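Last residue of the sequence shown? That's 113 in UniProt numbering, and every number before it is there in order.
We put the CB at the ideal spot given by N, CA and C, even for glycine.
Remember, predicted model here, so these are calculated numbers, not experimental data.
Some notes on the structure that comes next.
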Amino acid sequence: MIVFVFGFLGLVVYRRACGPIYIGIDEFGAFWQEQQRIERLTFVRVNGVQLIATFASQESKLTRFFWPSYRVIYRDSVPYDTYRLLRSYGAQQMLRQRAEATRDKPSEQGDFI
Numbered sequence: 001m002i003v004f005v006f007g008f009l010g011l012v013v014y015r016r017a018c019g020p021i022y023i024g025i026d027e028f029g030a031f032w033q034e035q036q037r038i039e040r041l042t043f044v045r046v047n048g049v050q051l052i053a054t055f056a057s058q059e060s061k062l063t064r065f066f067w068p069s070y071r072v073i074y075r076d077s078v079p080y081d082t083y084r085l086l087r088s089y090g091a092q093q094m095l096r097q098r099a100e101a102t103r104d105k106p107s108e109q110g111d112f113i
């Protein structure tokens, strides 16, 4: 029990020392800001309760495959208007990625004239 209490207090002190996290959208897309570091977000899942995103600028494909960095944004963790804006942007981003993936994939049926 005492280990749990000290672990929890350590986590609270660590989060206070790191400072606040800012989530938003600007002319370059959605971003996640911790301290002075700004990371761009690529949305993986979007729904009415949570948004799940990965960092767009991870070091390599190998890192992304073995150790992806997911960030979950809950509906009640940001203001309502910001959440609606991020949800809309995330849905558009996911649709655009799917359209690009199907456009780049060759047709399985072949072209008939």
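Which residue or residues does DSSP assign as beta-bridge partners of residue i?
i: residue 32; result: 23 and 39
i: residue 74; result: 50
i: residue 55; result: 41
Does the CB of residue i have a neighbour CB from chain B at under 8 Å?
i: residue 29; result: Here chain B cannot be found, since the structure has a single protein chain.
Hey, out of the options, whose CA is closest to residue i's CA?
i: residue 80; options: 96, 50 and 68; result: 50
i: residue 31; options: 7, 94 and 56; result: 56
i: residue 28; options: 13, 40 and 35; result: 40
i: residue 43; options: 105, 92 and 102; result: 92
Checking 8 Å against the spacing of the C-beta atoms, do residue i and residue j come in under that value?
i: residue 23; j: residue 73; result: yes
i: residue 77; j: residue 54; result: no
i: residue 71; j: residue 48; result: no
Just to check my reading of the structure: residue i and residue j have Cβ atoms closer than 8 Å, yes? What is that Cβ distance to the nearest angstrom?
i: residue 10; j: residue 35; result: With a Cβ gap of about 19 Å, residue 10 and residue 35 do not count as contacting.
i: residue 33; j: residue 21; result: 7 Å
Within 10 angstroms of the Cβ of residue i, are there 16 or more other Cβ atoms? Answer buried if so, exposed if not.
i: residue 86; result: buried
i: residue 46; result: buried
i: residue 90; result: buried
i: residue 14; result: exposed
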